[in-house]
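Here the sequence shown is numbered in this note's numbering, starting from 279 and rising by one per residue. The C-beta atom is built at its ideal place from N, Cα and C for all residues, glycine as well. See below for the structure under consideration.
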Amino acid sequence: MKPLFFAPFAALAGLATLSPVAPAMADDHAAAPSLAEVLAHERRDNDRARDQYRNPAEVLAFFQVEPTQTVVEYGPGGGWYTRVLAPYLMPAGKYIAINQDSDGREYRSRAQEARSKGWTENFKSGLAEAMGVEADAVTAFETDEMPEDVAGTVDRVLIFRSMHGLNIGNRADDVLKAARMMLKDDGMVGVVQHRAPEGASYNDYGARQRGYMRKADVIAIFEANGFELAAESEINANASDPANWERGVWTLPPVLATGEDDPRRSEYLSIGESDRMTLLFKKAN
């Protein structure tokens with residue numbers, strides 16, 4: 279499947295089976311599907327194998343996400359959670375996608391730069407087509423281009439398996455400052471992040487990109503940006519993952535970066551996806 283981050287929503291083609299989405303109305307729940315219906319829909323046929331590791335129903339319940347809320351997803355990437363959140367929220371609430379500022383970054387190629395800088399329009403048009411709405415009905419923007427009317431309107435900001443990239447790229451502060459501005463006073467940030475082993479050193483799991491992070495470092499980044507830890511859960515824990523792979527988290531499914539010829543491939547498959555922390559942050563006073 280084509281990643282959402284780089285292309286229009288070919289990966290969300292299944293969303294096109296939905297009826298056009300009606301404008302959000304706080305007292306109109308008739309058009310809003312239940313989360314169980316969203317998770318069982320055929321659009322997720324290629325995604326469902328990951329549910330055993332990502333536990334979407336339990337995660338969204340822990341993050342206290344409701345279908346009438348305004349919810350932001352940071353860095354939709356391949357769209358796995360977008361295919362849950364957009365159809366769940368758009369009938370009666372609001373789904374917003376955000377991405378980091380595409381300026382001032384180093385790119386490996388001109389093609390990568392073009393994809394990154396075209397993300398906003400591609401995402402909006404792709405999701406609009408998939409959901410059967412006009413592009414103006416989709417809200418997506420980079421963190422430095424937040425519309426003024428979004429400030430103080432958001433119930434939840436969700437960051438799935440992205441804190442390691444923000445940390446190593448020195449972009450976490452920018453994203454969390456934008457998140458704090460968007461959130462209502464009682465709004466919260468939900469985080470799922472690959473977890474470093476107990477007692478891990480910062481040199482191995484902070485300064486070096488392995489995909490995993492120490493919980494203390496994630497909490498420190500949030501505290502530096504005006505948040506405090508409100509709750510944590512072991513929903514996405516995986517005790518079988520030692521989290522010490524030389525190739526980092528990408529050794530395990532779904533990436534399996536060492537290739538089909540790796541003699542340990544069956545071991546990686548039996549472990550499944552990474553051990554993850556699941557954290558919920560609120561605004562600090």
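Continuous alpha helix (DSSP H) stretch holding residue i: start and end
i      : result
Phe388 : Note on identity: in this sequence residue 388 is Arg, with Phe being the wrong assignment. Looking at the DSSP string, the run of the alpha helix (DSSP H) that includes Arg388 is 388–395.
Arg554 : Looking at the DSSP string, Arg554 is not in any alpha helix (DSSP H); the run it does join, the beta strand (DSSP E), is 554–561.
Leu530 : Premise fails: Leu530 is in no alpha helix (DSSP H) and is neither H nor E.
Met441 : 441–446
Arg332 : 329–332
Asp323 : First-last for Asp323: undefined, no H or E at that position.
Asp540 : No alpha helix (DSSP H) holds Asp540; DSSP gives it neither H nor E.
Asn481 : 480–483
For residue i, the three-state DSSP class (helix, strand or coil)
i      : result
Phe500 : helix
Thr348 : strand
Ala509 : strand
Val411 : coil
Phe340 : helix
Met368 : coil
Leu363 : helix
Met460 : helix
Arg383 : coil
Thr398 : helix
Ala300 : Any reading at Ala300 needs caution, since the residue's pLDDT is 45, under 50, leaving its predicted position unreliable; the model's value is listed next. Coil at Ala300, not helix or strand.
Glu315 : helix
Asp305 : Residue placement at Asp305 cannot be trusted, given a pLDDT of 49 that sits under 50; what the coordinates show is reported in the next sentence. Of the three classes helix, strand and coil, the one that applies to Asp305 here is coil, per DSSP.
Asp452 : helix
Sequence-distant residues of the same chain with beta carbon closer than 8 Å to residue i, five excluded per side
i      : result
Lys462 : Gly430, Thr431, Val432, Asp433
Asn516 : Tyr331, Ile549, Gly550, Glu551, Ser552, Asp553, Arg554
Gly484 : Asn445, Met491, Arg492, Asp495
Other residues of its chain near residue i: CB distance less than 7 Å, five sequence neighbours each side excluded
i      : result
Val416 : Lys402, Leu405, Ala406
Asp325 : Trp358, Arg361
Met303 : Residue confidence is low: Met303 scores 43 on pLDDT, short of 50, so the model does not pin down where it sits. Its coordinate-derived value is still stated next. Around Met303: Ala370.
Leu547 : Pro531
Per DSSP, cross-strand counterpart(s) of residue i
i      : result
Ile374 : Val350, Thr417
Gly468 : Leu436, Leu558
Met424 : DSSP, once it has assigned bridges, lists no residue as partnering Met424.
Arg473 : Met491
Cut-off 6 Å between Cβ atoms - residues of its own chain near residue i, not counting five sequence neighbours on either side
i      : result
Gly353 : Asn377, Ser440
Ile437 : Tyr352, Val469
Ala457 : Val435, Val467
Ile499 : Ala450
Asp519 : Ile549, Ser552, Asp553
Ser297 : Unreliable positioning characterises Ser297 in this predicted model, as indicated by a pLDDT of 42, which lies under 50. The coordinate reading is nonetheless provided below. Excluding residues within five positions, none has a Cβ falling inside 6 Å.
Rounded Cβ spacing between residue i and residue j (contact assumed at less than 8 Å)
i      : j      : result
Leu313 : Ala335 : 6 Å
Pro365 : Val316 : 5 Å
Asn563 : Asn333 : 31 Å between Cβ atoms; not a contact.
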